[in-house]
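Undergrad: Mind looking over this structure? Questions follow.
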Amino acid sequence: MLRRDFRKTVLLGIILLPLRVIFITFILLLSWLVASIATYRHQGGGAVPLKGWRRRMIQTSLSCLTRTLFFIMGFQVEVKGKVASLLEAPIIVAAPHSSFFDAIVSALTGMPSIVSRAENLSTPVFGTILSSLQPVAVSRQDPDSRKNTVAEITNRALSGGKWPQILIFPEGTCTNRSCLITFKQGAFIPRVPVQPVLLRYPNKLDTVTWTWQGYSLKELFVMTMCQLFTRVEVEFLPVHVPTEEEKKDPILFANRVRQTMATALNVPVTDHTFEDCRLMISAGQLTLPMEAGLVEFTKISKKLNLKWNHVREQLDTFAAIASASKGGRIGIEEFSEYLKLPISDVLRELFHLFDRNGDGTIDFREYVIGLSILCNPANTEETIQMAFKLFDLDEDGTITENEFACIIQSALGVPELDVSNLFKEIDADETGKLSYDEFKDFALKHPEYAKLFTTYLDLQRYQLGMLEEDDIQPPEAKYTPVGNAVPVSETRPVARNKVCPADNEEDNSGTSDKKDD
Numbered sequence: 001m002l003r004r005d006f007r008k009t010v011l012l013g014i015i016l017l018p019l020r021v022i023f024i025t026f027i028l029l030l031s032w033l034v035a036s037i038a039t040y041r042h043q044g045g046g047a048v049p050l051k052g053w054r055r056r057m058i059q060t061s062l063s064c065l066t067r068t069l070f071f072i073m074g075f076q077v078e079v080k081g082k083v084a085s086l087l088e089a090p091i092i093v094a095a096p097h098s099s100f101f102d103a104i105v106s107a108l109t110g111m112p113s114i115v116s117r118a119e120n121l122s123t124p125v126f127g128t129i130l131s132s133l134q135p136v137a138v139s140r141q142d143p144d145s146r147k148n149t150v151a152e153i154t155n156r157a158l159s160g161g162k163w164p165q166i167l168i169f170p171e172g173t174c175t176n177r178s179c180l181i182t183f184k185q186g187a188f189i190p191r192v193p194v195q196p197v198l199l200r201y202p203n204k205l206d207t208v209t210w211t212w213q214g215y216s217l218k219e220l221f222v223m224t225m226c227q228l229f230t231r232v233e234v235e236f237l238p239v240h241v242p243t244e245e246e247k248k249d250p251i252l253f254a255n256r257v258r259q260t261m262a263t264a265l266n267v268p269v270t271d272h273t274f275e276d277c278r279l280m281i282s283a284g285q286l287t288l289p290m291e292a293g294l295v296e297f298t299k300i301s302k303k304l305n306l307k308w309n310h311v312r313e314q315l316d317t318f319a320a321i322a323s324a325s326k327g328g329r330i331g332i333e334e335f336s337e338y339l340k341l342p343i344s345d346v347l348r349e350l351f352h353l354f355d356r357n358g359d360g361t362i363d364f365r366e367y368v369i370g371l372s373i374l375c376n377p378a379n380t381e382e383t384i385q386m387a388f389k390l391f392d393l394d395e396d397g398t399i400t401e402n403e404f405a406c407i408i409q410s411a412l413g414v415p416e417l418d419v420s421n422l423f424k425e426i427d428a429d430e431t432g433k434l435s436y437d438e439f440k441d442f443a444l445k446h447p448e449y450a451k452l453f454t455t456y457l458d459l460q461r462y463q464l465g466m467l468e469e470d471d472i473q474p475p476e477a478k479y480t481p482v483g484n485a486v487p488v489s490e491t492r493p494v495a496r497n498k499v500c501p502a503d504n505e506e507d508n509s510g511t512s513d514k515k516d517d
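Under full-length UniProt numbering, residues 1 to 517 are what the sequence shown spells out, in order.
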């Protein structure tokens, strides 16, 4: 905020703020009284729709009081288009959702039902007013809440006018109005006509936008109350009747409605979602740039079958690796330091597999995709068992530091590599030997190593296959699955009986039942 705007806000606030607070309190109490009367002794609570005088009281009295409330707060409302009736459009979808002041749409549409958290219904005064709208309540404690919410929206939308219209903000979170993020499908699964509603705030000083960055709710409310007036435009677009194709595909239905609204607003659309916003907030809390959390979650989660909680855990690991770098990206140095391995040709090749756009760094999206495509499929129980047997050269059920160093040095082609720090990190009980449980636990927590294991295993299979086929010593670097510099030192023992430990004596042709990476 500029100094001139700040001074103006303070001067106006000295007069306007106390007056508006008094009138707002009065209007809220009056609205509470109206809501209490309308719901008094109503049989069935939120499970049965309000009818007759009760519903008319909400549509007229409460709607009028809400409009008065916004007038007192200094809002100048410009309405464009025509509000569709209940039978024309059972569902109203409003966007972009950027502020708690977007509730003005409720007053302009006759106080329709909304989707609200169940906890809000128990809030003093406001909870009674909200209950009179008979909202679709969402409970965080109910694991089936999402499914039940969609079912309730569908039931009301197909009730043939028994329930009031439903107002939904399909973005699911507040944005800065610069684009339209992916719409959630709840408003489009019922396959009924919807009316798109656009919201604009054409003010020189923005005191309404409430996102994960910037002013808090209380600060924005006070700043808005200190303005002489605040402009808002509400535009009702023509009703969108779904085609047969859209009725079969809610995602297509949602995307077409979103594109219609974006075109009217002259803003772009983006595939980011509410989950991306949550990741952005988490990234900020982890001292990463907030944009690091933008991964287009819905798109990659469907393609890679990812859960939000799992991606959130990966963000913690990514933040630990990228903490030393600037810009929230991982360079080859940070990658090497995290794996406690030197920069070698093999490590560079692994890094390049993660670096999908080839810019020399790994962002969080690339890290998530890399783990899902490259590492997690390779990090199977079978691979871990084979890797453990590969390291366990004397077959005593444990891995010493010398055995561990032997294979790592050979795999990376770095004979003088010091692996003591990495070994100590895996050796949880500090016995100087790695048990299978320790090895497996580390491998599961650090899937980045899986690709190195499978690369070396593939190399061993190939070399033993060549040895059996040609009955000659394998060349130093005749085959390298990843990169071109993974020679196995001739002076170091090759674990010929570790490639397929269970049946190597009967069949060492270089094949295995391990799935391809």
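Ideal Cβ positions, reconstructed from N, Cα and C, are used throughout, including at glycine.
#1: By DSSP, does E78 sit in helix, in strand, or in coil?
#2: Pick out the complete alpha helix (DSSP H) segments inside the segment 230-295, 4 residues or longer, and give them in chain order.
#3: If we require 4 or more residues per run, which alpha helix (DSSP H) segments fall completely within the segment 97-145?
#4: Determine the extent of the beta strand (DSSP E) in which L199 is found, giving its start and end residues.
#5: Does the segment 271-278 touch the segment 298-308, meaning 3 or more C-beta pairs lie closer than 8 Å?
#6: So, helix, strand or coil for residue 518, using DSSP?
#7: Below 8 Å, can you find three or more Cβ-Cβ pairs linking the segment 90-103 to the segment 193-208?
#8: Cutting at 6 Å between CB atoms, please list the residues of its own chain near S372, excluding the five before and the five after it.
#9: Taking the alpha-carbon positions, what's the K440 to V234 distance?
#10: For R20, which of helix, strand or coil comes out of DSSP?
#11: Can you check whether the CB of H97 is closer than 8 Å to the CB of T175?
#12: Can you give, in chain order, each stretch of the alpha helix (DSSP H) that sits fully within the segment 323-381 and has at least 4 residues?
#13: Let me know the alpha helix (DSSP H) ranges lying completely inside the segment 22-93, each 4 residues or longer, listed in chain order.
#14: Report the CB separation of W32 from I129 in whole angstroms; it is logged as a contact under 8 Å.
#15: I want to check one thing, is the minimum distance from the CB of V311 to the heavy atoms of the ligand ADP below 7 Å?
#16: Spatial neighbours of S116 within its chain, please: C-beta separation below 8 Å, excluding the five flanking residues on both sides.
#17: Starting from I426, follow the beta strand (DSSP E) in both directions and report where the run begins and ends.
#18: Verify whether the separation of the beta carbon atoms of K184 and P196 is less than 8 Å.
#19: Can you check which of these residues, L350, L315, E337, is closest to D363 by C-alpha distance?
#20: Give a yes or no on contact between the segment 186-194 and the segment 151-162, applying the rule of three or more CB pairs nearer than 8 Å.
#21: Suppose the cutoff is 7 Å on Cβ atoms and the five residues either side in sequence are ignored; what does the same chain contact list for V10 look like?
#22: Return the Cβ separation of E275 and W308 in integer angstroms, given the expectation that the two are a contact with Cβ distance under 8 Å.
#23: Quick check on K51: buried or exposed, where buried means 16 or more other Cβ atoms within 10 Å of its Cβ?
#24: Going by beta-carbon coordinates alone, are K340 and N421 separated by less than 8 Å?
#25: Select from K445, A428, T287, L86 the residue whose C-alpha is nearest the C-alpha of E438.
TA: According to the data block:
#1: Locating residue 78 in the sequence shown gives position 78, counting from the first residue. Of the three classes helix, strand and coil, the one that applies to E78 here is strand, per DSSP.
#2: 244-248, 250-265, 274-285
#3: If only complete runs of 4 or more residues are kept, the segment 97-145 shows the alpha helix (DSSP H) at 104-108, 126-132, in order along the chain.
#4: The residue given as residue 199 occupies position 199 in the sequence shown. Per DSSP, L199 belongs to the beta strand (DSSP E) from 194-200.
#5: yes
#6: Residue coverage of the chain in this structure runs from 1 to 517, which leaves residue 518 outside it and unanswerable.
#7: yes
#8: Counting from one through the sequence shown, the residue named residue 372 turns up at place 372. Excluding residues within five positions, the ones whose Cβ falls inside 6 Å are L304.
#9: By 1-based counting over the sequence shown, the position of residue 440 is 440. By 1-based counting over the sequence shown, the position of residue 234 is 234. Their Cα atoms are separated by approximately 58 Å.
#10: Here residue 20 corresponds to residue number 20 of the sequence shown, with the count starting at 1. R20 falls in the helix class under three-state DSSP.
#11: Here residue 175 refers to the residue found at position 175 of the sequence shown. Here residue 97 refers to the residue found at position 97 of the sequence shown. Their beta carbons are under 8 Å apart, which means T175 touches H97 by this criterion.
#12: The segment 323-381 contains these whole alpha helix (DSSP H) runs: 332-339, 345-354, 364-370.
#13: 52-57, 63-72
#14: The sequence position of residue 32 within the sequence shown is 32, counting from 1. The sequence position of residue 129 within the sequence shown is 129, counting from 1. The Cβ separation is near 6 Å, so the contact holds.
#15: Annotation note on the ligand ADP: not contained in the displayed structure, which lists no ligands.
#16: On the sequence shown, position 116 is the one that residue 116 refers to. Excluding sequence neighbours, S116 sits near L130, P135, V136, A137, V138.
#17: As a first step, residue 426 must be located in the sequence shown, where it is residue number 426. First-last for I426: 420-426, but that is the alpha helix (DSSP H), not the beta strand (DSSP E).
#18: Sequence index remark: in the sequence shown, residue 184 carries index 184 (1-based). Sequence index remark: in the sequence shown, residue 196 carries index 196 (1-based). The answer is no: Cβ separation not under 8 Å.
#19: If you number the sequence shown from 1, residue 363 lands on position 363. Checking every option, the nearest Cα to that of D363 belongs to L315.
#20: Taking 8 Å as the limit for Cβ pairs, the verdict is that the segment 151-162 does touch the segment 186-194.
#21: Here the question's residue 10 lines up with position 10 in the sequence shown. Residues of the same chain with a CB within less than 7 Å of the CB of V10, apart from the 5 flanking positions on each side, do not exist.
#22: For the purposes of this step, residue 275 is taken as the residue at position 275 of the sequence shown. For the purposes of this step, residue 308 is taken as the residue at position 308 of the sequence shown. So it is a contact: roughly 5 Å between Cβ atoms.
#23: By one-based count along the sequence shown, residue 51 stands at place 51. That one is exposed.
#24: Working through the sequence shown from its first residue, we reach residue 340 at position 340. Working through the sequence shown from its first residue, we reach residue 421 at position 421. It is a contact, given that the beta carbons lie within the stated cut-off.
#25: Numbered from 1 along the sequence shown, position 438 holds the residue referred to as residue 438. The shortest Cα separation from E438 among K445, A428, T287, L86 belongs to A428.
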